Amino acid sequence: MVKTTVNVQKKAERPACGVLPSTELERVFAVLRFISQQLESSTSSTVVALGNNESRAVSTDTMTTVLKANTGRRSAGSLIIPESVEKPLETFRMAVTNFPLQMEAVQAARETLHEALRDAYPASLDEVDRLCHCATFVARAATKNVPRLLVQDVYALQAMHEVVPGLYVGSYHPASDKALLHRQNVTHVLCCIDVPPRFPTEFTYLTVCAQDSPDYNISRFFQQTYEFIETALIQHHSGVLVHCGAGISRAPTITAAYLIKKLRLTAVAALELIQRRRHVASPNIGFRQQLRVYQEKLGI
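Read left to right, the sequence shown gives residues 5 to 304 (this note's numbering).
#1: Looking at residue 86 and residue 116, is the spacing between their C-beta atoms short of 7 Å?
#2: Within the continuous alpha helix (DSSP H) that includes residue 116, where are the two ends?
#3: Pull up the distance between the alpha-carbon of residue 206 and that of residue 106, whole angstroms please.
#4: Quick one: what does DSSP say residue 32 is sitting in, helix, strand or coil?
#5: Is it a yes or a no for the region 190–206 touching the region 268–280, going by three-plus beta-carbon pairs under 8 Å?
#6: Report the three-state DSSP secondary structure of residue 290 (helix, strand or coil).
#7: How big is the Cα-Cα spacing for residue 193 and residue 119?
#8: Kindly identify the DSSP beta-bridge partner or partners of residue 245.
#9: By DSSP's criteria, residue 166 is part of a beta bridge. Which residues make up the other side?
#10: Between the beta-carbon of residue 295 and the beta-carbon of residue 260, is there less than 7 Å?
#11: Okay, do the region 165–172 and the region 214–221 touch, 3+ Cβ pairs below 8 Å being the bar?
#12: Are the Cβ atoms of residue 264 and residue 299 separated by less than 7 Å?
#13: Can you tell me the Cα-Cα spacing of residue 163 and residue 247, whole angstroms?
#14: If you drop the 5 nearest sequence neighbours on each side, which residues of the same chain put their C-beta closer than 7 Å to that of residue 149?
#15: Taking residue 278 as part of the alpha helix (DSSP H), name the residues at either end of that continuous run.
#16: Residue 238 and residue 36 look like a contact to me (Cβ under 8 Å); what is the Cβ gap, rounded to whole Å?
#17: Using the Cβ count rule (16 or more neighbours within 10 Å means buried), how would you classify residue 129?
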């Protein structure tokens, strides 16, 4: 059951995400969100959608080419990117996520992307420079004056953690803290348990009533939750919290599925990226297998 409340041949496994440069993965999302914020003032006559392989014509003054989404159609929240930026950005994304990882190639791709962004957005050079040189984009959960034992167990369970810019994963606890959600610019809440929206007039909700059981088919929600997260991050360039009860199994699984499709990571890599931020994340064995099947279905 899905409830929605709107205010309104097998491939060899690649190495795990432990060798991936997390800051560069964060940079991909930061650039996407920056481009989304610039769309209204864009004067480019040719644009494309990132991460897609097929194009079609669009009869507007500012858009002539749009690449279809991976599913064969434009999904909710698909981002339109200036043609001059699309290739450098996709090259950078591939350099960051493909193996064997070559940091020289990552640096060269980042520099090329930097130049393309400066050319495309001359009115926002300071922000472009920050995007391309910033050492970190994801805020770490504050632990000052918190007892070590609490930081390691109770605090880790109750906190919400930013995996990539704007994408948070956590338990029900932060989902019930309206002030915290507003401080983190969260506008969308993806709930993976059967509870009513806590603040239905203040946030956009998607509820998927998933069971934390190895036999439960959580993959049936992957496409719908992908589109919901994509809408929040890219279309609204705001924040989204994905949560379940404890933030251990269901929410990390849904978050991993999004990262697998968006960044074309393996299931192992996506989970390890999440676990870097939220150490208690540990999907059950059945969910892990469904993520691997999903990865293979996407040809990753």
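Cβ atoms here follow ideal geometry from the backbone N, Cα and C, with glycine treated the same way.
Bear in mind that the values here come from a model prediction, so they are computed numbers and not experimental data.
Based on what the coordinates show:
#1: no
#2: That run of the alpha helix (DSSP H) goes 107–124.
#3: 44 Å
#4: The answer is helix: DSSP assigns residue 32 an H, G or I state.
#5: no
#6: Of the three classes helix, strand and coil, the one that applies to residue 290 here is helix, per DSSP.
#7: 36 Å
#8: 172, 193
#9: 172
#10: Going by C-beta atoms, residue 295 is nearer than 7 Å to residue 260.
#11: no
#12: yes
#13: 11 Å
#14: Because the pLDDT of residue 149 is 45, which lies under 50, any placement of that residue in the model is unreliable, and the question is left without a value.
#15: 271–281
#16: 6 Å
#17: exposed
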